[in-house]
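Notes follow once the structure below has been shown.
Residue numbers (mature numbering (1 follows the signal peptide of the UniProt record, and there is no 0)): -25 to -1, 1 to 292.
Quick look at the structure:
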């Protein structure tokens, strides 16, 4: 059989061309044309092959909805980030506001958001890993879809601080490891508040007007390593109130409360105890020696200490 070198070379070039086109078919700019989404903007990260959307400049919920309903002009239906910063217009995310678009990370902070309807982010149930709604004006538990949180299968970080939630919601998740509910007027934390958050590692409850923690509140949290309750109104640490089942060395921040009394076995020994700026006058050996012997650290400055029993440590005889 006679071989034609030129034809063989041409076939080879065509094959290489097909392979190259095929490999590039999976890499494309995720961003739509800028004029279609104004005043939103989109940044394409070619290194990660993802798009980042910023809609801080939108002037109404209708305008935001209109942008996301031009999805025929969106080359991708999923974006790594969606951001709105310091927007004075967007108050409600209604159920259809984002059309067919989903996100991995959502950040809407420093605005006037009052309500997130149950299905407004339903298409992100399988993709979202971070939801950050800090510094908004959500005033009621029913104005945020807490009941839908179990459907966010990859959600690890939930930030809801500096809103106005008046009570603790029912919160369930098999994936959340970081939860911040600081600076909401919660006043009370139910004993079973965290019983359905088994993966929780970091919990922030700064300045939530909290006056008491019941024994057993943190039972079952085997992964908890950071617990912050500074700037509250705690006066007594009762037995087992801060005992945990954590397999980690816990950093416990109780600075700037009104703590005067610390009972025996009120916390798990070891780790870090920040008690700065409370009203403690004595350090009782039965309370603190087990913690120090377990190589725990103690920050006790800013307290009106007069003496410390059995010569633990102290500025006065």
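Even for Gly, the Cβ is constructed at its ideal location relative to N, Cα and C.
In the DSSP assignment, find the unbroken alpha helix (DSSP H) run with residue i in it and report its ends.
i           : result
residue 300 : Missing from the structure shown is residue 300; the chain here goes from -25 to 292 and no further.
residue 41  : 36 to 43
residue 9   : 9 to 12
Span of the beta strand (DSSP E) holding residue i?
i           : result
residue 177 : 177 to 179
residue 261 : Not the beta strand (DSSP E): residue 261 falls in the alpha helix (DSSP H), residues 260 to 268.
residue 60  : 53 to 60
residue 132 : 132 to 134
residue 155 : 153 to 155
residue 272 : 272 to 274
Look up residue i in the DSSP assignment and give the residues it is bridged to.
i           : result
residue 226 : 201 and 247
residue 68  : 91
residue 20  : 25
residue 80  : 56 and 105
residue 236 : 211
residue 217 : 242
Flag this pair as yes or no: are the beta carbons of residue i and residue j separated by less than 9 Å?
i           : j           : result
residue 148 : residue 172 : yes
residue 209 : residue 225 : no
residue 281 : residue 241 : no
residue 98  : residue 76  : yes
residue 32  : residue 55  : no
residue 159 : residue 122 : no
residue 6   : residue 19  : yes
residue 239 : residue 262 : yes
residue 82  : residue 111 : no
residue 90  : residue 66  : yes
residue 218 : residue 195 : no
residue 84  : residue 68  : no
residue 64  : residue 40  : no
residue 228 : residue 249 : yes
residue 153 : residue 176 : yes
Give me, in chain order, the residues of the same chain whose beta-carbon lies closer than 6 Å to that of residue i; leave out the 5 immediate sequence neighbours on both sides.
i           : result
residue 70  : 92, 94 and 95
residue 251 : 230, 274, 276 and 277
residue 1   : Summary for residue 1: the model assigns pLDDT 43, below 50, so the residue's position carries little reliability; its value from the coordinates is reported in the next sentence. For residue 1, where only same-chain residues beyond five positions count, there are no Cβ hits under 6 Å.
residue 127 : 100 and 103
residue 232 : 207, 209 and 253
residue 193 : 219
residue -5  : Interpretation of residue -5 is limited by its pLDDT of 39, a score under 50 that renders its predicted location unreliable; no figure is taken from the coordinates.
residue 16  : 29
residue 62  : 31 and 86
residue 109 : 84, 134, 136 and 137
residue 155 : 134, 136 and 179
residue 348 : A query on residue 348 cannot be resolved here, the shown segment of the chain reaching from -25 to 292 and no further.
residue 168 : 143
residue 237 : 212 and 262
Return the Cβ separation of residue i and residue j in integer angstroms, given the expectation that the two are a contact with Cβ distance under 8 Å.
i           : j           : result
residue 205 : residue 230 : 5 Å
residue 133 : residue 106 : 5 Å
residue 113 : residue 138 : 4 Å
residue 43  : residue 74  : 4 Å
To which residues of the same chain is residue i closer than 8 Å at the C-beta, ignoring the five residues directly before and after it?
i           : result
residue 124 : 130, 133, 146, 147, 148 and 151
residue 245 : 224, 225, 266, 269, 270 and 271
residue 161 : 140, 141, 142, 143, 180, 183, 184 and 185
residue -3  : With a pLDDT of only 38 at residue -3, under the threshold of 50, the placement of this residue in the model should not be trusted; the figure read from the coordinates follows. Once the five neighbours on either side are set aside, residue -3 has no close Cβ partner at all.
residue 48  : 7, 8 and 11
residue 23  : 55
residue 234 : 209, 210, 211, 212, 250, 253, 254 and 255
residue 243 : 217, 218, 219, 221 and 225
Counting only the same chain and skipping the five closest in sequence on each side, list residues whose C-beta sits under 7 Å from that of residue i.
i           : result
residue 279 : 254 and 256
residue 191 : 166 and 215
residue 197 : 220, 221 and 222
residue 174 : 149, 150, 151, 152 and 198
residue 4   : 19 and 50
At a threshold of 8 Å, does residue i count as lining the ligand GDP (C-beta to nearest heavy atom)?
i          : result
residue 16 : The model depicted lacks the ligand GDP and carries no ligand whatsoever.
Mind checking if residue i is an interface residue toward chain D, Cβ cutoff 9 Å exclusive?
i           : result
residue 127 : Checking the listed chains, one finds no chain D in this structure; it contains a single protein chain.
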